[in-house]
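Trainee: As you go down the protein sequences, you meet chains V and Z in turn. Reading the first sequence from the start, the letters are residues 1 to 114 in this note's numbering. Reading the second sequence from the start, the letters are residues 1 to 114 in this note's numbering. We treat Cβ as the ideally placed atom computed from N, Cα and C, and that holds for glycine. Everything numeric in this text was worked out from a predicted model, so none of it was measured. Structure provided below as structure tokens; questions to follow.
Number of protein chains: 2
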Amino acid sequence: MKRAFVEEIHQLHAELCQALADPKRILMLYALADGPTPVGELADQLGIRQSNASQHLAVLRDRGLVTAERSGTTMFYRLRYPAVLQALDLLRGVLKERLQEAGGQAECLMEIAR
Amino acid sequence: MKRAFVEEIHQLHAELCQALADPKRILMLYALADGPTPVGELADQLGIRQSNASQHLAVLRDRGLVTAERSGTTMFYRLRYPAVLQALDLLRGVLKERLQEAGGQAECLMEIAR
DNA sequence: CGCGTATATTCGTGGGTATGAATATAATTC
DNA sequence: GAATTATATTCATACCCACGAATATACGCG
Chain V
1 MKRAFVEEIH
11 QLHAELCQAL
21 ADPKRILMLY
31 ALADGPTPVG
41 ELADQLGIRQ
51 SNASQHLAVL
61 RDRGLVTAER
71 SGTTMFYRLR
81 YPAVLQALDL
91 LRGVLKERLQ
101 EAGGQAECLM
111 EIAR
Chain Z
1 MKRAFVEEIH
11 QLHAELCQAL
21 ADPKRILMLY
31 ALADGPTPVG
41 ELADQLGIRQ
51 SNASQHLAVL
61 RDRGLVTAER
71 SGTTMFYRLR
81 YPAVLQALDL
91 LRGVLKERLQ
101 EAGGQAECLM
111 EIAR
């Protein structure tokens, strides 16, 4: 059982986390929970340029987290693994705990931001 | 409820994910599951330099994921939120699914790598 | 206080990342 | 096939990250 393979797994694991390491991409994934969504709509929701939305979606596609389906001229992106949102929720919970322990009263915000 | 606050939450969320976006740090977190561990031991386990281990631990400390406690001259690092490992496990499961769907026969590796 | 051990920090460098602007591709309609 | 719409890609730029080497700090001991 080659050491290189094990390292490769951890590399892929890290790259998966890396895909989540951007506020825009996090918002995109949560937005996709409502079902397949066109690129333009995602861009509008996030208030970013179309090209930027495409770039972020390319990252998510590359990591295998979303799939794209064409319908006419518009591209619908679909969330592939809902478990990703569970993972994000878990980390959000950690963040909430951390902020509470830090003494800030930001807990209320946590309920809303999503 | 200011928009800036909500954006700040997502920024922090992303920074949390960013902390996980490195193979060495993932290994460190899993290693810390066994209880508080000195820096040198972590460095040895991962086969990295002491300074590099300290740097990675500084990132985890900065994101609030670990705490450091001094005992004499050695520093014991402790995992602060076990839920982080749950999140990592969820993502590992996603990775496993993805590799299986991709047709590779790397599933067996997934059982071991940790 | 000087020495050794354990850890932290700084610094330089190479490589990666996010973004807007511009351009390219793809499908639909006329 | 030209015009239109929706999306993708390329490019340049500014910023961030991982690493080793060197240096600094902190503690314990004599």
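Taking only three categories from DSSP, how would you classify Z:A33?
Mentor: Within the second sequence, numbered from 1, the residue matching residue 33 of chain Z stands at position 33. Coil.
Trainee: Within 8 angstroms of any Cβ in chain Z, is that where the Cβ of V:V66 sits?
Mentor: Here residue 66 of chain V is taken as the residue at index 66 of the first sequence, counted from 1. Not one chain Z Cβ lies under 8 angstroms of V:V66.
Trainee: Using a 10 Å radius around the Cβ and a threshold of 16 neighbouring Cβ atoms, would you call Z:D22 buried or exposed?
Mentor: Numbered from its first residue, the second sequence carries residue 22 of chain Z at position 22. Its Cβ being crowded by 16 or more others within 10 Å, Z:D22 is buried.
Trainee: Taking just the CA atoms, how far does Z:L95 sit from V:L91?
Mentor: Numbered from 1 along the first sequence, position 91 holds the residue referred to as residue 91 of chain V. Numbered from 1 along the second sequence, position 95 holds the residue referred to as residue 95 of chain Z. Rounded to whole angstroms, V:L91 to Z:L95 spans 18 angstroms at the Cα level.
Trainee: Taking 7 angstroms as the cut-off, is the beta-carbon of Z:L42 closer than that to any non-hydrogen atom of the ligand GDP?
Mentor: The ligand GDP is not among the ligands present in this structure, which contains no ligands whatsoever.
Trainee: Hey, does V:G93 have any beta-carbon neighbour from chain Z nearer than 8 angstroms?
Mentor: Against the first sequence, residue 93 of chain V aligns to sequence position 93. Closer than 8 angstroms to some Cβ of chain Z, the Cβ of V:G93 qualifies, so yes.
Trainee: For Z:A156 versus Z:L20, is the C-beta spacing smaller than 8 angstroms?
Mentor: Residue 156 of chain Z falls outside the range modelled here, since chain Z spans only 1 to 114, and no answer is possible.
Trainee: Could you pull out every residue in the same chain whose Cβ sits closer than 8 angstroms to the Cβ of V:R25, ignoring the five residues on either side in sequence?
Mentor: Counting from one through the first sequence, the residue named residue 25 of chain V turns up at place 25. Hits under 8 angstroms: A19, H56, V59, L60.
Trainee: Could you check what DSSP says for Z:R80 in three-state terms: helix, strand or coil?
Mentor: Translated into positions along the second sequence, residue 80 of chain Z becomes position 80. DSSP places Z:R80 in coil when its eight states are reduced to three.
Trainee: Can you tell me whether Z:T67 is buried or exposed? The criterion is at least 16 other CB atoms within 10 Å of its CB, across all chains shown.
Mentor: Numbered from 1 along the second sequence, position 67 holds the residue referred to as residue 67 of chain Z. Result: exposed.
Trainee: Counting only the same chain and skipping the five closest in sequence on each side, list residues whose C-beta sits under 7 angstroms from that of V:D34.
Mentor: The sequence position of residue 34 of chain V within the first sequence is 34, counting from 1. For V:D34, where only same-chain residues beyond five positions count, there are no Cβ hits under 7 angstroms.
Trainee: Does V:H56 come within less than 8 angstroms of chain Z when only Cβ atoms are used?
Mentor: Translated into the one-based positions of the first sequence, residue 56 of chain V becomes position 56. No - not a single Cβ of chain Z is within 8 angstroms of the one on V:H56.
Trainee: Quick check on V:E69 - is its C-beta less than 8 angstroms from some C-beta in chain Z?
Mentor: Here residue 69 of chain V refers to the residue found at position 69 of the first sequence. For V:E69, the answer is no, since every Cβ of chain Z falls outside 8 angstroms of its Cβ.
Trainee: Grab the span of the alpha helix (DSSP H) containing Z:A53 for me, first residue to last.
Mentor: For the purposes of this step, residue 53 of chain Z is identified with residue 53 of the second sequence, where counting begins at 1. That run of the alpha helix (DSSP H) goes 50-62.
Trainee: Cβ of Z:C29 less than 8 angstroms from any chain V Cβ?
Mentor: Translated into the one-based positions of the second sequence, residue 29 of chain Z becomes position 29. A small correction: the amino acid at residue 29 of chain Z is Leu; Cys does not occupy that position in the sequence shown. Closer than 8 angstroms: no.
Trainee: Assign Z:A68 to one of three DSSP states: helix, strand, or coil.
Mentor: Your numbering for residue 68 of chain Z matches position 68 in the second sequence. If DSSP states are grouped into helix, strand and coil, Z:A68 belongs with the strands.
Trainee: So, at 7 angstroms on beta carbons, what are the nonlocal neighbours of Z:I48 in its own chain, with the 5 sequence-adjacent residues on each side left out?
Mentor: Mapped onto the second sequence, residue 48 of chain Z falls at position 48. Excluding sequence neighbours, Z:I48 sits near K24.
Trainee: Please tell me whether Z:I48 has its Cβ less than 8 angstroms away from any Cβ of chain V.
Mentor: As a first step, residue 48 of chain Z must be located in the second sequence, where it is residue number 48. It does not: the Cβ of Z:I48 has no partner Cβ on chain V nearer than 8 angstroms.
Trainee: For a contact defined as C-beta to C-beta under 8 angstroms, what are the partners of Z:D44 on chain V?
Mentor: The residue you call residue 44 of chain Z lines up with position 44 of the second sequence. Result: empty, since nearest Cβ-Cβ is about 16 angstroms, beyond 8 angstroms.
Trainee: Residues of chain Z with a CB under 7 angstroms from the CB of V:A83: which are they?
Mentor: By one-based count along the first sequence, residue 83 of chain V stands at place 83. L90, G93, V94, listed in chain order.
Trainee: Would you say Z:I18 lies against chain V (beta-carbon separation less than 8 angstroms)?
Mentor: Counting from 1 along the second sequence, the entry for residue 18 of chain Z is found at position 18. The question names Ile, but residue 18 of chain Z is Gln in the sequence shown. So yes, Z:Q18 belongs to the interface.
Trainee: With distance defined between alpha-carbon atoms, name the residue in V:P38, V:G64, V:L88 nearest to V:M75.
Mentor: Your numbering for residue 75 of chain V matches position 75 in the first sequence. Measuring from the Cα of V:M75, the nearest candidate turns out to be V:P38.
Trainee: For Z:R78 and Z:P36, which I take to be in contact (beta-carbon distance under 8 angstroms), what is that distance rounded to the nearest angstrom?
Mentor: Position 78 of the second sequence, counted from the first residue, corresponds to residue 78 of chain Z. Position 36 of the second sequence, counted from the first residue, corresponds to residue 36 of chain Z. The Cβ separation is near 4 angstroms, so the contact holds.
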